[in-house]
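Remarks on the structure that follows.
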Amino acid sequence: MPTHVNRQTVSLTAYPDLVVVYLGMRVNRLTGLKTLLGFGPQIASSVAAKPDGLLNHENMLYSLFPAHVGMRQYWRDTPSLLAWTRSDPHRQWWQRFLKDSGGTGFWHESYFLRGGMEAIYDDIPNRIGFATFAPVTPARGPMFTAAHRAGKSHAGEPVLTESDLYGENSH
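Okay, so the sequence shown: first residue is 13 according to our numbering, each after it adds one.
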């Protein structure tokens, strides 16, 4: 019996350096609702600015209780993703968040077409994603930045250094 399903696929040959990033923000305390709601318009504005290398952005709802929202982004390549993360407004958001999560938790997982994956979980109380099955380790030293976790050599300077975040001699 022939199928009635319209099966389609894509050719990613034009995107050999594609990076897919899943991100999420989870409300951990009531004050986190304000933090979460404050990021919505800022993210929408950032996406509307069409940063170089961002191919697509999709909003996602992970759960209503606790409130946990996120997005999936497709980037042309690692250099364009890293350039955007080190520019404003992202740089400012990340610096503020790493000093005070505002009652929320944040995570991301990145997948690279040329190989490699990495993740970070900041103030996420329950293990999700890779953390549900892989050993969890502090994001310190060589595990501090996304580019280093993914084994990418063109990391450049992070938005906030480990010594800025934890103080000198933080290892």
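The C-beta atom is built at its ideal place from N, Cα and C for all residues, glycine as well.
query: Does at least one heavy atom of the ligand GTP sit under 6 angstroms from the Cβ of residue 78?; result: As far as ligands go, the structure on display features none, and thus does not contain the ligand GTP.
query: Using a Cβ-Cβ cut-off of 6 angstroms (strictly less than) and excluding sequence neighbours within five positions of residue 133, which residues of its own chain qualify?; result: 119 and 143
query: How long is the line joining the alpha carbons of residue 179 and residue 49, rounded to whole angstroms?; result: 31 angstroms
query: Rank 150, 125 and 76 by C-alpha distance to the C-alpha of residue 23 and give the top, closest one.; result: 125
query: Please return the same chain residues whose Cβ sits closer than 7 angstroms to the Cβ of residue 107, not counting the five positions on each side in sequence.; result: 171 and 172
query: How should residue 38 be labelled, buried or exposed, when 16 other C-beta atoms within 10 angstroms of its C-beta is the threshold for buried?; result: buried
query: Using DSSP with H/G/I as helix, E/B as strand and the rest coil, what is residue 174?; result: helix
query: Using DSSP bridges, identify the partner residues of residue 118.; result: 37 and 134
query: For residue 33 and residue 85, what's the separation of their Cα atoms in angstroms?; result: 5 angstroms
query: Can you tell me whether residue 84 is helix, strand or coil according to DSSP?; result: strand
query: From the DSSP output, read off the bridge partner residues of residue 142.; result: Note: residue 142 sits in no beta bridge, so no partner.
query: Do you know how far the Cα of residue 91 is from the Cα of residue 192?; result: No answer is possible for residue 192: it lies beyond the span of the chain, which begins at 13 and ends at 183.
query: Considering only their Cβ atoms, is the gap separating residue 117 from residue 136 smaller than 7 angstroms?; result: yes
query: Hey, would you say residue 161 sits closer than 7 angstroms to residue 130, going by beta carbons?; result: yes
query: Got a sec, what are the start and stop residues for the beta strand (DSSP E) residue 69 sits in?; result: 66 to 75
query: With DSSP as the reference, label residue 155 as helix, strand or coil.; result: helix
query: Once you ignore the five residues that flank residue 43 on each side, which residues in its own chain have a CB closer than 7 angstroms to its CB?; result: 114 and 115
query: DSSP puts residue 129 in a beta bridge; with which residues?; result: 123
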